[in-house]
Ligand SMILES: Nc1nc2c(ncn2[C@@H]2O[C@H](COP(=O)(O)OP(=O)(O)OP(=O)(O)O)[C@@H](O)[C@H]2O)c(=O)[nH]1
Ligand SMILES: [Mg+2]
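Residue numbers (our numbering): 60 to 376.
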């Protein structure tokens, strides 16, 4: 597909056009989807590294040092900070939470934060699309910081090609169980603040747990020790990410993980359309209100009501 004027500007590295388009994506504008269609063939090659973990473990500090390392190697870096769950951050301003030390004049770094409100197609779809735009824009690597754990975090994790979960030594029993759960969604574990006591023990526990994980694309989760205060382990972290990227991309289009992810995305978009169809065909029809009246009067039960509505929908298609 030939690239239209907006897509051209993105490909030419126009930062203002990129910022505006990401906002359009957040608002779910159809024009933005059109540009995404045009740019899609140019996406999917850059490592997209998700960095998540509990509050204050050092995610932003690690990102700062990864940026330095990548810039030194001549790589351009896009950074997205996602705040899916305001309760976690206590309503903190995102700009505070990420604390990225960046040179505002460096054209090789683009930073964007995404908060939970106002995403027409859902936060994870907006984030996924923003990542694609950053890649089409020419970023060699995209880093995505998310806080906390739980369902939203898992969804955000679905966007990263390599999922890094950061923990610190001595998180206590509660986090031990959290760690076990996180194994499902981590490719690389980082024990940050490793200059503190207990780091080796934490790393050993994690390595043991890693042997229990079911390998995906032939990959067993890796454990890396880092300290951003002592500037240790950043090179090892990046090597682990690169090795994982090779494992994922090795089989070309046959990666289990990438295929399942692609399927989940299309299913999500399809479900949106089905919901819209339901809305237009049934829920706006006066017959729907009448059916609800009958339900309230107990003339019909919910199962029968759903069956009838479904039959009616099929009849109309
Ligand atoms: N001792 C020690 N402190 C660290 C290290 N890395 C980060 N910190 C400190 O931990 C605190 C939190 O660091 P951040 O990088 O903001 O952590 P974060 O995970 O991004 O925090 P949130 O985004 O608020 O969840 C800061 O005070 C850092 O200076 C480390 O390697 N060792
Ligand atoms: Mg942070």
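We put the CB at the ideal spot given by N, CA and C, even for glycine.
This one's a predicted model, so the numbers in the text were calculated from it and none came from an experiment.
So with Cβ pairs under 8 Å, would you call residue 217 a contact of chain C?
-> No chain C is present in this structure, which holds just one protein chain.
Check the DSSP bridge columns for residue 339 and list the partner residues they point to.
-> Along the chain shown, read from residue 1 onward, the residue named residue 339 stands at position 280. Answer by DSSP bridge pairing: none, since residue 339 is not bridged.
Go ahead and pull the three-state DSSP assignment for residue 151.
-> Counting from one through the chain shown, the residue named residue 151 turns up at place 92. For residue 151, the predicted structure reports a pLDDT of 45, less than 50, and the residue's modelled location is therefore unreliable. A value from the coordinates is still provided. Of the three classes helix, strand and coil, the one that applies to residue 151 here is coil, per DSSP.
From 142, 319, 220 and 284, pick the residue whose C-alpha is nearest to that of residue 307; which is it?
-> If you number the chain shown from 1, residue 307 lands on position 248. Considering only alpha carbons, the answer is 220.
Just how far apart, CA to CA, sit residue 349 and residue 364?
-> Along the chain shown, one-based indexing puts residue 349 at 290. Along the chain shown, one-based indexing puts residue 364 at 305. Taking the straight line from one Cα to the other gives about 11 Å.
CB contact flag (residue 110, residue 202, <8 Å) | For this step, residue 110 is matched to residue 51 along the chain shown. For this step, residue 202 is matched to residue 143 along the chain shown. A contact, by the Cβ cut-off of 8 Å.
Within its chain, find whatever has a CB closer than 7 Å to the CB of residue 368; leave out the 5 residues flanking it on each side and keep chain order.
-> As a working mapping, residue 368 is identified with position 309 in the chain shown. Hits under 7 Å: 341 and 350.
Report buried or exposed for residue 274, applying the criterion of at least 16 other Cβ atoms within 10 angstroms of its Cβ.
-> Here residue 274 is taken as the residue at index 215 of the chain shown, counted from 1. Exposed is the call here.
Is residue 140 helix, strand or coil by DSSP?
-> Numbered from its first residue, the chain shown carries residue 140 at position 81. Strand.
When you compare only the Cα positions, how much space is there between residue 224 and residue 358?
-> Your numbering for residue 224 matches position 165 in the chain shown. Your numbering for residue 358 matches position 299 in the chain shown. Just so you know, the alpha carbons of residue 224 and residue 358 end up roughly 53 Å apart.
Could you tell me if the beta carbon of residue 115 falls within a distance shorter than 7 Å of some heavy atom in ligand 1?
-> For the purposes of this step, residue 115 is taken as the residue at position 56 of the chain shown. Residue 115 Cβ: within cutoff of ligand 1.
What did DSSP end up calling residue 305 once you bin it into helix, strand or coil?
-> Stepping through the chain shown from its first residue, residue 305 is reached at position 246. Residue state, collapsed to three classes: helix.
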